[in-house]
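A.B. asks: Each number in the working numbering corresponds to the 1-based position in the sequence shown with 39 added. Note that the Cβ used here is the ideal one computed from N, Cα and C, for glycine as well. Okay, handing you the structure first.
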Amino acid sequence: MSDTGWPISEATKGGPKGLLAVAGKFKSLFETGQATDFTITCGKKSWAVHGFVLNLYSDVLACACDGNFKETAARSIDLSIDGEACVKALISYMYAFDYALDDCESEPYTTHVNMILLANKYDIQHLLKLANTKLVRILSGTPLKLTDDLVSATKLAYDAEGPTAAYREALVKAVIKSSEDDFEGYCAIIRQLPSLSQDVAIAIARGETTKLNCGHNFVPRWKRAFTTRRKVELFQIEMVLRI
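Listed below in C-alpha cells is the structure:
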C-alpha cells in the first residue's frame, strides 16, 4: 500500500521512472482535487473527478461527460446502482491503476465479481482482467470453504458467463483440489451450486489439472470494437430513461 492507503499497482511497481511519475501525478490530481470538473455520486457519497480520466478509461462513461444528457449538463453521474464498494474501487483503479478491498470486507468474492460486472458494463477491459486475477489469487492462496459469499459470487458469475470465464475456470480447479483436502466440504459445494458441479464433472471427465492460472481468453479486435459500440448504445439508452 502507498502512503495514501491506495494500492501500489503491479503495472507501476518497479517500472520506469516516467511511468511512476505519471502514476504519482494521477493520485495527486485526485487527492488535491486540482482541476476536477465532474462528480461521481453513489448514495450519500460523492467524489470529485476529472472528465478526461473517465474518457481515457471508458467510451461508455465518456457519454456522460460529452453527450447530450442531463449528466453532461450537470457534470455529475449517479452510479448508486453499482454499489459504494465497487464505485470506490473503480475510482481507485482510475487514479492508482489498481484497487484493494477494505480489510474488513466480508464478501471479497462477491465484490470482485461485481467489479468484473462493472468493468464489463463500462467496457474497461484491463479492470475486468484485474478483478478476475484477484479472484484467481484468492482461490490459489486460500482453502476453499462453502460460504454465503462464495455462493452469491458464483451464482453471479454463472449468470454473467463470458466476463467471468477466468474466475469460473479457476473455481472449478479449486473445487476439484478441495476434494483431496476436504471431501465433506467439496460435497457441500457441489450440492449447493449445480451449475458449478456440472463444470466440475466435465473437467474431471476430461482429466483437466487443478493448477490455477490467470489466463484470459483472446477477443479479436473487430469483435471488441463492436462490443464497445453496443455498450455505449445501451448506456445512452439507460441515461435517456433516467430523464
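1. Measuring alpha carbon to alpha carbon, tell me which of Ile228, Ile155, Ala204 ends up nearest Val190.
2. Quick one: which unbroken beta strand (DSSP E) runs of 3-plus residues sit fully inside the segment 57 to 107? Chain order, please.
3. For Ile116, which residues does DSSP report across the bridge?
4. Could you tell me whether the Cβ atoms of Leu156 and Pro202 are closer together than 9 angstroms?
5. Excluding five sequence neighbours on each side, which residues of the same chain lie with their C-beta closer than 7 angstroms to the C-beta of Lys173?
6. Starting from Leu189, trace the alpha helix (DSSP H) both ways and give me its first and last residue.
7. Helix, strand or coil: how does DSSP classify Phe222 here?
8. Counting pairs of Cβ atoms below 8 angstroms between the segment 64 to 75 and the segment 86 to 103, do you hit three or more?
C.D. replies: So, to answer that:
1. Ile228
2. 77 to 81, 84 to 88
3. Ile79
4. yes
5. His151
6. 187 to 199
7. helix
8. yes
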